[in-house]
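Quick note on numbering that gives the first Met the number 0: the sequence shown kicks off at 0 and runs consecutively.
What follows is a set of notes on a single structure, which appears directly below.
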Amino acid sequence: MARISPLVVLPPVAFAALAAMFLWGMGREDPDALPSAMVGREAPALPQTTLPGKEQLTDEMLREPGVKLVNFWASWCPPCRAEHPTLMDLSERLPVYGVDLKDPEANALRFLEEDGDPFHAIATDPRGRAAIDWGVTAPPETFIIDGQGRVLHRFAGPLLREDYTNRFLPELEKALSEAE
């Protein structure tokens, strides 16, 4: 009787284990979602700086009644520019606050002047310290905040197309309906 070498069995077993792991990963609820430690917690502190001529975003504004958005953005960020019309539309429905991330003042002001300013108030984060506290991985990122200043949802990436309608809007509608 011939013996089968363990080296012959090892590749198919390794392949099967890898295939099982990939299959499990594909079955997760949202494999692209980045979990946020901020959800359910009070929003972190905001920088106490703003762009010249703009209203300063304060921590107190995040605790005012009603649902609001906090959007981390930059003029140098192409996805931020792509989502800008969506923010303009959203700002007609509810307060949208901006945190300008690592952006020269002149560039940020020019961008808002040319494309419109959807932000009810702005904070600037020139060194990215607040972004770290909020858990921002890269702009744009948008947070849904309740009337007590708690983070209800974090959306990483631009508010565009199917991601916007299928992932962000249901969370926003849920927050708005619970606030009533």
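Just so it is clear, CB atoms sit at the ideal spot from N, CA and C, and this is done for glycine as well.
query: Measure the C-alpha to C-alpha separation of Lys67 and Arg126 and round it to an integer number of angstroms.; result: 24 Å
query: DSSP on Thr204, reduced to helix/strand/coil?; result: With the chain represented from 0 up to 179, any question about residue 204 goes unanswered, as that position is not in the structure.
query: Taking all protein chains shown into account, do 16 or more other C-beta atoms lie within 10 angstroms of the C-beta of Met20, making it buried, or fewer, making it exposed?; result: exposed
query: Taking Gln147 as the reference, which of Glu63, Arg109 and Thr141 has the closest Cα?; result: Glu63
query: Where do the ends of the beta strand (DSSP E) carrying Asn106 lie?; result: Asn106 -> not in any beta strand (DSSP E); alpha helix (DSSP H) instead, spanning Glu104 to Asp114.
query: Just to confirm before moving on: does the CB-CB distance between Pro138 and Ala73 stay below 9 Å?; result: yes
query: Below 9 Å between beta carbons: does that hold for Asp132 and Ala13?; result: no
query: Please say whether Val98 and Thr123 have beta carbons closer to each other than 9 Å?; result: yes
query: Thinking Leu50 and Glu104 are a contact (beta carbons under 8 Å), I'd like their distance in whole angstroms, please.; result: 6 Å
query: Where DSSP assigns a beta bridge to Phe154, which residues make up the other side?; result: Thr141
query: Would you check if the distance between the CB atom of Ala120 and the CB atom of Leu56 is smaller than 9 Å?; result: yes
query: Leaving out the 5 sequence neighbours to the left and right, which residues in its chain are closer than 7 Å to Ala36 when beta-carbon positions are compared?; result: Gly134
query: To the nearest whole angstrom, what separates the beta carbons of Asp102 and Trp75, a pair I think is in contact under 8 Å?; result: 6 Å
query: Apart from the five residues just before and just after Glu177, which ones in its own chain have a Cβ nearer than 6 Å to its Cβ?; result: none
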